[in-house]
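Sequence order for the protein chains is A and B.
Residue 504 is where the first sequence starts when you use my numbering, and the numbers rise one by one after that.
Residue 504 is where the second sequence starts when you use my numbering, and the numbers rise one by one after that.
Number of protein chains: 2
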Amino acid sequence: MRKVRTVTIADVARHAGVAVSTVSYVLSGKRAISATTRQRVQESVRALGYHPNAGARALASKRANVIALVLPLRAGMNLPVLMQFATSVVATARRYDHDVLLMTADEGPEGLQRVAASALVDGLLLMDVEVRDPRVPLLRELGEPSVLIGFPADAEGLTCVDLDFARAGALCAEHLAAGGHREIALLGAPRVVYERGTGYAERTLAGFTEAARDLNAVAVPCEETYDEVAETVKLLFDRHPGLTGLVVHNEAAVGHVLAALRALGRSVPEDVSVVAICPDDVAERASPALTSVLIPAEDVGHQAVRLLMAKLDGLPADSVLLEPRLTIRESTR
Amino acid sequence: MRKVRTVTIADVARHAGVAVSTVSYVLSGKRAISATTRQRVQESVRALGYHPNAGARALASKRANVIALVLPLRAGMNLPVLMQFATSVVATARRYDHDVLLMTADEGPEGLQRVAASALVDGLLLMDVEVRDPRVPLLRELGEPSVLIGFPADAEGLTCVDLDFARAGALCAEHLAAGGHREIALLGAPRVVYERGTGYAERTLAGFTEAARDLNAVAVPCEETYDEVAETVKLLFDRHPGLTGLVVHNEAAVGHVLAALRALGRSVPEDVSVVAICPDDVAERASPALTSVLIPAEDVGHQAVRLLMAKLDGLPADSVLLEPRLTIRESTR
DNA sequence: CCCATTCATCGAAGCGCTTCGACACATGAG
DNA sequence: CTCATGTGTCGAAGCGCTTCGATGAATGGG
């Protein structure tokens, strides 16, 4: 538990026999430094195990090198995707030499206010943005660089990133239509998610409905417990006996849907074709392996950080809609 | 997008007609300040919307008011519990006026080194600690205040928090024994979790085995896909036809186990009693509602932060083992 | 009524870093 | 050979805050 005196830039400068400012310039690369000096400094840095003091750096440069990741942890959220996303954000931020401050919704919008005003972070990454998200107006007047995951109703002037869920929904419907299915259904997110007006759920539904307008198509919300899923699936087939195509946009329920079909004696893909919108690993672990449109959580996180970094550098950053990709496996024909 | 000049403590001092240091003392409460002055300053703070600059504060006080939450995001982890835990950590940290920096394992142990050396954080909270965790030795020599969630093999000198999983395992076995069951089984975590030497899984197993030494007890690992769970359950009953009690310590598999029992025509609790170790909401959502020992994620997070804060204040902090609590519902008799 | 305390406040010295302007020296054009 | 132009380096001035010691003013005991 030795309490080591921390190494400062002055120690490095002394060790290398140069001025403090020279060390700073070597580290930041903001001015030309001769190769010999640069090497000498770098060696001293290594020898002393120097790490710049974050507070001092932030104070002097007005850049904290930290971004906030705001995760409103609500019910019915897709945890695995969220985690993948968070991991990817942290990893990407590190690549840009930034760290990530974790915030939840508990503190409310004032939390954003606080971290921005205290210069704790340089920018904000908001996840799980809703169609009319209360954080959006605040965000506008805060004038803090930010990127949203998901699209609010009015995205004017904001930078947003998301999978193009409308295309994803359409892609699923089109795939089933191409397979000759005329009567299909969408099993969506839990009811509360729609009631909350969550963008991605609504947009998937819209894309699906639009693409399936010439078919016999229905859409129902879907809870995530086995019993409720089984009930929903049973009801669906009772009401639509001719149903042969199913799109499942609810990762937690995917397994249950397959189990329920099994229980009803309908085999996949012989009797029913199933397409899921979920991460690849979930689709691959299912039995049979599911034809799916993946949610590219990693890519979304990566893009979001990239855009935020661009904004921090004062560059323009347009919203990004990621093109969905359908992978055909064993659950459709 | 107006770029507001940030309000500094000097602005507040001027507005209130006092010295900068007086404002500082009002804010920190480290020296006596007359009631009238205090009020005047607090009003100015509110009027100007002042938020102390985090970098400057950290630099001057040598306290960043930030703690690191290190989440190694591995396969087979219990995501919902993890999230609950993270949420509780953030909320509790805020109550102590601290923020939370999110770190993953990707950066390796040097990441810990880095954030500690750069004074980005004041302390570390390590989650999902393994029996022989590579981060533990580094932690010791770092001399940075830290709290671990979970117990490594050698916890000497470290502060750890966890549910007493051995007691939890024992509690389940005892409950079944008290119900007259003589042949019981533990369905555990996925195999990889044991192979990795994850403390909580091993300790539950140990507690269960010890408490069930007079019974006919077996324990098997359990994967998390429906097919594998069904297979495991089937095999279990093939080999042990007299089995009437089941302990499930795998949240992701709980639903599948019930589905598999249903498929095998064994009803709960008539033919088989089932006890789960999982959060209450999962147990309550199952059908039938499960008798369970809950994983008090929220409490663990809370305690962990409390202990870390104590250490930051130079106070001693002993490890905490949380007593499990069994809730009887409809799945056992 | 004086001196020793206590209380409330102030001023100034850093904390460790970035960045601006200055300077010494080398270089090549005229 | 001189003068403009780069190059590479240095010194010093902050960045916004905390904290130490000092200073007056108010208080009370002898």
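Quick reminder that beta carbons are idealized off the backbone N, C-alpha and C, glycines included.
The structure displayed is predicted, hence computed values, not measured ones.
If we call anything under 8 Å between Cβ atoms a contact, is residue i one with residue j?
i         : j         : result
A/Leu-562 : B/Gly-646 : no
B/Ala-766 : B/Ala-733 : yes
A/Ser-649 : A/Gly-626 : yes
A/Ala-762 : A/Tyr-729 : yes
A/Gly-710 : A/Ala-681 : no
A/Val-796 : A/Cys-675 : yes
B/Val-778 : B/Leu-679 : yes
A/His-554 : B/Ala-608 : no
B/Val-523 : B/Gln-545 : no
A/Arg-670 : A/Glu-801 : no
A/Ile-570 : A/Leu-811 : yes
A/Glu-644 : A/Pro-693 : no
A/Val-736 : A/Val-760 : yes
B/His-743 : B/Ala-658 : no
A/Ser-837 : A/Val-515 : There is no way to answer for residue 837 of chain A, as the model of chain A reaches only from 504 to 836.
A/His-684 : A/Gly-758 : no
B/Ile-512 : B/Ser-527 : yes
In chain order, what residues of the same chain lie with their CB nearer than 6 Å to the CB of residue i, ignoring the 5 residues before and after it?
i         : result
B/Phe-668 : Tyr-703, Arg-706, Thr-707
A/Ala-656 : Val-634, Arg-635
A/Lys-814 : Pro-648, Ala-820
A/Ala-519 : Arg-543, Val-544, Ser-547
Give a yes or no on whether 8 Å exceeds the smallest Cβ distance from residue i to chain A.
i         : result
B/Arg-788 : yes
B/Asn-753 : no
B/Gly-889 : With chain B represented from 504 up to 836, any question about residue 889 of chain B goes unanswered, as that position is not in the structure.
B/Asp-830 : Reading off the sequence shown, one finds Thr at residue 830 of chain B, where the question assumed Asp. Closer than 8 Å: no.
B/Leu-576 : yes
B/Val-515 : no
B/Leu-651 : no
B/Thr-707 : no
B/Ala-620 : yes
B/Ala-559 : yes
B/Leu-623 : yes
B/Ala-673 : no
B/Leu-572 : yes
B/Ala-567 : yes
B/Ala-522 : no
Keeping to the same chain, check which residues put their C-beta closer than 7 Å to that of residue i; ignore five residues upstream and five downstream.
i         : result
A/Ile-798 : Val-584, Leu-666, Ile-780, Cys-781, Pro-782
A/Arg-566 : Asp-625
B/Arg-836 : Gly-682, Pro-772, Ser-776
A/Leu-623 : Ala-567, Val-569, Leu-604
B/Arg-638 : Pro-612, Leu-615, Leu-629
A/Arg-453 : Chain A is shown from 504 up to 836; residue 453 of chain A falls before or after that span and cannot be answered.
B/His-805 : Ser-591, Thr-595
With 8 Å as the threshold, decide whether the Cβ of residue i is near any Cβ in chain B.
i         : result
A/Ile-810 : The question names Ile, but residue 810 of chain A in the sequence shown is Leu. Answer no: the Cβ-Cβ gap between A/Leu-810 and chain B never drops below 8 Å.
A/Thr-794 : no
A/Ala-762 : yes
A/Thr-509 : yes
A/Ala-779 : no
A/Leu-825 : no
A/Leu-562 : yes
If residue i and residue j are in contact, beta carbons under 8 Å, what's the gap, nearest whole angstrom?
i         : j         : result
A/Met-586 : B/Leu-629 : No, A/Met-586 and B/Leu-629 are not in contact; Cβ-Cβ is about 17 Å, not under 8 Å.
A/Glu-686 : A/Gly-768 : So it is not a contact: roughly 18 Å between Cβ atoms.
B/Leu-572 : A/Val-603 : Contact flag wrong, Cβ pair sits at about 10 Å.
A/Arg-597 : B/Glu-731 : So it is not a contact: roughly 35 Å between Cβ atoms.
B/Thr-551 : B/Val-510 : According to the sequence shown, residue 551 of chain B is Leu rather than Thr. Contact holds; Cβ gap of about 5 Å.
B/Phe-588 : B/Val-808 : So it is not a contact: roughly 11 Å between Cβ atoms.
B/Leu-661 : B/Leu-651 : 6 Å
Any chance the CB of residue i is under 7 Å from a heavy atom of the ligand NAP?
i         : result
B/Glu-833 : Only the bare structure without any ligand can be found here, which leaves the ligand NAP out of the picture.
Give every residue of the same chain whose Cβ lies closer than 8 Å to the Cβ of residue i, excluding the five residues on either side of it in the sequence, and list them in chain order.
i         : result
B/Ala-792 : Ala-786, Arg-832, Glu-833, Ser-834
A/Phe-740 : Leu-746, Leu-767, Arg-769
A/Asn-568 : Ala-557, Arg-560, Ala-561, Asp-600, His-601, Asp-602, Asp-625
A/Pro-575 : Thr-607, Ala-608, Met-630, Asp-631
* Using Cβ-Cβ distances below 9 Å, what residues of the region 596 to 618 of chain B are close to chain A? -> Arg-597, Asp-602, Val-603, Leu-604, Leu-605, Met-606, Thr-607, Asp-609, Glu-610, Gly-614, Gln-616, Arg-617, Val-618
* Near-chain B residues of the region 717 to 748 of chain A (beta-carbon distance less than 7 Å), N- to C-terminal order -> Thr-728, Tyr-729, Asp-730
* Check each residue of the region 582 to 595 of chain B: if its Cβ is closer than 9 Å to any Cβ of chain A, include it; give the result in chain order. => From the region 582 to 595 of chain B, only Leu-582, Pro-583, Leu-585, Met-586, Gln-587, Ala-589, Thr-590, Val-592, Val-593, Ala-594 have a Cβ closer than 9 Å to chain A.
* To do: Output, in sequence order along the chain, the residues in the region 545 to 557 of chain A whose CB is closer than 9 Å to any CB in chain B.
  => Gly-552, Tyr-553, His-554, Pro-555, Asn-556, Ala-557
* Asked: Which residues, in order along the region 680 to 708 of chain B, keep a beta-carbon less than 9 Å from a beta-carbon of chain A?
  -> Cβ contacts with chain A: none found.
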